[in-house]
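Following this note's numbering from start to finish, the sequence shown increments by one per residue and tops out at 372.
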Amino acid sequence: MEAFFSAFQAFMSQLGATVGLPIIIFVFGLVLGAKPGRAFRAAITIGVAFIGINLVVGLMWGTLGGAAQAIVDYTGTNLDVIDVGWPSAAAIAFGTQVGSFIIPVALVVNIVMLAVGLTMTLNVDIWNFWHFAFLGSMVVVATGNLLLGLVAAGVFAALMLFMADWTAKSVQKFFNLPGISIPHGFSTAMVIPTIALNWVIDRIPGLKNW
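Here's what the structure looks like:
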């Protein structure tokens with residue numbers, strides 16, 4: 163199994179995320195019954211988006227890198243890291259070993275959970291599967307084990323489906339959008355600490371009425 167993962171990852175690495183991810187999207191579209199033309203357009207859109215992200219990140223680094231270094235030199239601080247936001251994080255996550263597998267892994271987890279009745283959510287936000295890939299990649303870096311990283315990514319995807327089901331009624335009521343839920347990796351993960359914080363605020367006189 164490890165040999166298969168290594169061979170597939172090497173193949174996807176040679177293609178690069180800009181080519182590999184559109185291929186996965188195209189195949190996924192066909193599996194779901196989309197016409198070849200529509201699936202191809204979706205795949206091309208993903209590829210163009212990756213090229214655009216890489217261009218923007220490259221331009222930002224080229225423009226801001228010098229300014230950041232100048233600030234470091236002038237102030238004598240050691241803060242020479244630039245936060246370029248989620249687009250670069252997404253590109254990095256999809257370009258990793260786990261990123262090569264995350265779409266089929268997350269979809270299989272979702273389909274199995276739907277089949278056995280563990281969730282009512284179908285996660286079609288494929289672009290944001292990078293959240294799961296990012297966490298899984300961190301596990302790979304920490305352990306050196308690709309299979310363990312994929313398991314971690316799958317568990318993260320499953321937990322977000324549970325959280326999406328748990329918050330679905332509140333989300334639907336607040337946004338007045340029936341039939342939706344939010345399995346977004348980084349937003350939904352904040353639900354539990356937010357509920358705990360809200361519980362504390364509700365018990366502080368004066369502050370609870372703001």
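We treat Cβ as the ideally placed atom computed from N, Cα and C, and that holds for glycine. All figures in this text were calculated on a predicted structure; none of them were measured in a lab.
- Of N216, G214, F190, I213, the smallest CA-CA separation from A204 is found for F190.
- Around the Cβ of W372, a 10 Å sphere holds fewer than 16 other Cβ atoms; the residue is exposed.
- Annotated three-state conformation of D327 is helix, per DSSP.
- Between the alpha carbons of L280 and V302 lies a gap of roughly 27 Å.
- A295 counts as buried, since at least 16 other C-beta atoms from the protein chains shown sit within 10 angstroms of its C-beta.
- Burial check for V286: the Cβ neighbour count within 10 Å stays below 16, so the residue is exposed.
- P345 is not a Cβ neighbour of T305, given a cutoff of 7 Å.
- Of the residues assessed, P184 falls on the buried side of the cut-off, its CB having 16 or more other CB atoms within 10 angstroms.
- Annotation note: the stretch 229-302 contains the following uninterrupted alpha helix (DSSP H) runs of length 4 or greater, listed N- to C-terminal: 248-256, 259-277.
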